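Working notes for the structure below.
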Amino acid sequence: MPKIMRFYALHCVIGFAVSAVFIAGLLYLNVANLWHLISTSDIGFMALLVFWVLNGIVFAGVQTAVAVMMMAEDPNADDDTPKGGTPVAVHAQAPSPNR
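Be aware that the sequence shown starts at 42, since it is given in the working numbering, and climbs by one per residue.
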């Protein structure tokens with residue numbers, strides 16, 4: 042599997058795991074009476090699954106975006122060191138005053 046696909050899959054899994062923790066917290070604290078609504082409904086499991094998937098998509102996108110933005114180079118890095126290559130001497134000649 043290409044490296045970029047592994048990167049994306051890993052961060053999607055992390056996002057869905059964070060989503061599960063988030064939903065568990067919402068249900069535990071009974072925010073907006075969600076625990077009662079899900080536990081007493083005959084399609085409560087489907088509602089919970091849809092809630093987790095939709096939140097997982099959001100959390101996975103945010104996790105991936107943050108991971109990509111964290112890949113930027115350190116602005117305090119020492120950029121004075123040579124990066125390689127062959128040094129080339131460039132000689133410039135001043136234009137003649139006759140022009």
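Note that beta-carbon positions come from the ideal geometry of N, C-alpha and C, so glycine has one too.
In this text the structure is predicted, and so the values were computed from the model without any measurement.
Let me know if residue i comes out buried or exposed under the rule of 16 or more other beta-carbons within 10 Å of its beta-carbon.
i      : result
Ala101 : buried
Gln134 : exposed
His132 : exposed
Gly126 : exposed
Gly56  : buried
Here's a check: name, in chain order, each residue in its chain whose Cβ is nearer than 7 Å to the Cβ of residue i, leaving out the five neighbours to either side.
i     : result
Gly85 : Ile79
Phe92 : Ile64
In its own chain, which residues sit with a C-beta less than 8 Å from the C-beta of residue i, not counting the 5 before and 5 after it?
i     : result
Tyr49 : Thr105
Phe63 : Asn96 and Phe100
Under the three-state reduction of DSSP, which class applies to residue i: helix, strand or coil?
i      : result
Val131 : coil
At least three beta-carbon pairs within less than 8 Å, the stretch 103-110 to the stretch 62-80: Because the criterion of three Cβ pairs below 8 Å is not met, the stretch 103-110 and the stretch 62-80 do not touch.
Runs of alpha helix (DSSP H) lying entirely within the stretch 84-120, each at least 4 residues, in chain order: Those alpha helix (DSSP H) runs which fall completely within the stretch 84-120 and span 4+ residues are 85-110.
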